[in-house]
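Peer 1: Below is the structure I would like to discuss, written out as structure tokens.
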Amino acid sequence: MGKAVAGRRDWTQLYAIYGTDEWQTVAFLVLHATLFAGLSLLLLLYFPHALAPAAPLPALRFAAGFAGTVAALSALCLLYAAAEVLYSSLALRWEMAQRMVAAVPDWSAVRTALDVGCGRGMLLNAVAMRMKKEGNGGRVVGLDTWRDTAVAALRRARAEGVQEHVTCREGDARRLPFADGYFDVVVSAVHLSGLGRRVAGRSRAAMAAPERARGLGEMVRVLKPGGVGVVWDLVCAPEYAQRLREMQMEDVRVSDRVTAYMVDSHIVSFRKPLNSAFGMEAQPPLDWRTNIC
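Numbering (full-length UniProt numbering), first residue to last: 1 to 293.
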């Protein structure tokens with residue numbers, strides 16, 4: 001679990017720059033793993049000796065041993081889950097960002113890009129690094145629900161040395177504050193599925209689908225005809241692919257399954273048709289000097 005293969009970045013380097021937004025989950029899992037480990041030691045080592053004078057109780061000794069074994073296995077499972085969550089939020093997330101960048105066939109013609117739900121800025125900076133490598137003066141906008149998060153993402157872009165290619169701002173993925181058909185590339189990583197959860201709640205997951213559809217539709221709206229969109233998300237990727245086909249997007253592709261945060265995830269890429277009805281209205285150009293965090 002030490003290194004992310006793609007991008008040649010050590011996970012410790014990634015943590016130093018980006019940290020993790022899952023530290024509460026990791027701490028919760030590690031704490032409970034410690035409690036279960038302590039319980040297993042108590043049941044397996046101390047309890048049998050404490051019952052030595054009561055040797056005629058083999059059933060009780062067996063029960064203690066069985067419970068101790070279950071507790072030990074639970075501790076191992078919780079530690080594995082903590083490691084998986086930490087890995088998914090750092091090394092795997094960086095690797096998936098590289099894969100998403102690679103899903104765009106030609107970066108030389110890209111001048112404008114948008115990262116919907118930029119979060120800590122891993123995907124945002126991966127896009128900016130590619131633009132910097134191309135040397136075409138391209139720029140990527142990172143949009144996040146919270147202003148503080150957008151400001152932090154911009155700070156990390158400076159740490160990566162790509163700040164001249166990055167603009168960050170606050171906004172809602174369901175109502176993108178950009179003109180129709182403005183961006184050459186639109187990307188989003190593990191954000192659209194969260195729109196539904198915030199609105200409908202876990203117990204009403206079915207009602208979240210319209211919110212996810214709105215976010216996906218907004219990505220299509222702000223994408224130029226002929227532009228490329230790439231989405232990485234958990235569980236909902238087949239839903240996105242179906243919705244994109246219904247919107248008559250071209251080259252809709254779903255990647256192989258990748259386990260992230262202990263669930264299935266996929267990358268969905270697509271291209272907006274040149275004759276698409278989306279984004280054909282005349283709109284004023286976006287001023288990069290405004291609304292920057």
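Heads up, the beta-carbon is just placed ideally off N, CA and C, and yes, glycines get one too. Nothing here was measured: the structure is a model prediction, and the numbers come from that model.
#1: Alpha helix (DSSP H) containing G171: first to last residue?
#2: Please report the distance separating the alpha-carbon of L195 from that of E218.
#3: Have a look at G135 and V222 and give me their C-alpha separation to the nearest angstrom.
#4: Taking only three categories from DSSP, how would you classify A109?
#5: On the DSSP bridge list, what partners appear for V231?
#6: Looking at C-beta atoms only, is the number of pairs between the segment 65-83 and the segment 22-33 that lie closer than 8 angstroms three or more?
#7: Please classify F62: does DSSP put it in a helix, a strand, or coil?
#8: What residue does the beta strand (DSSP E) around L143 start on, and which one ends it?
#9: For L14, which residues of its own chain have a beta-carbon under 6 angstroms away from its beta-carbon, when the five flanking residues on both sides are left out?
#10: Evaluate N275 with the Cβ neighbour count: other Cβ atoms within 10 Å of its Cβ, from every protein chain shown; 16 or more gives buried, anything less gives exposed.
#11: Under 9 angstroms, do V140 and V127 count as touching if we go by C-beta distance?
#12: Mind reading off the beta-carbon distance from G229 to S269? Whole number of angstroms is fine, and I expect it under 8 angstroms.
#13: So, A173 versus H165, is the Cβ gap smaller than 9 angstroms?
#14: Within the same chain, show all residues whose beta-carbon is closer than 7 angstroms to that of V185, passing over the 5 residues directly before and after it, in chain order.
#15: Excluding the 5 residues flanking V235 on each side, which residues of the same chain have their C-beta closer than 8 angstroms to its C-beta?
Peer 2: The structure says:
#1: Counting along the chain, G171 falls outside any alpha helix (DSSP H), and DSSP gives it neither H nor E.
#2: 13 angstroms
#3: 24 angstroms
#4: coil
#5: S188 and V268
#6: yes
#7: helix
#8: R139 to D144
#9: L90 and W94
#10: exposed
#11: yes
#12: 7 angstroms
#13: no
#14: V104, V110, A113, G227 and V228
#15: S193, V263, D264 and S265
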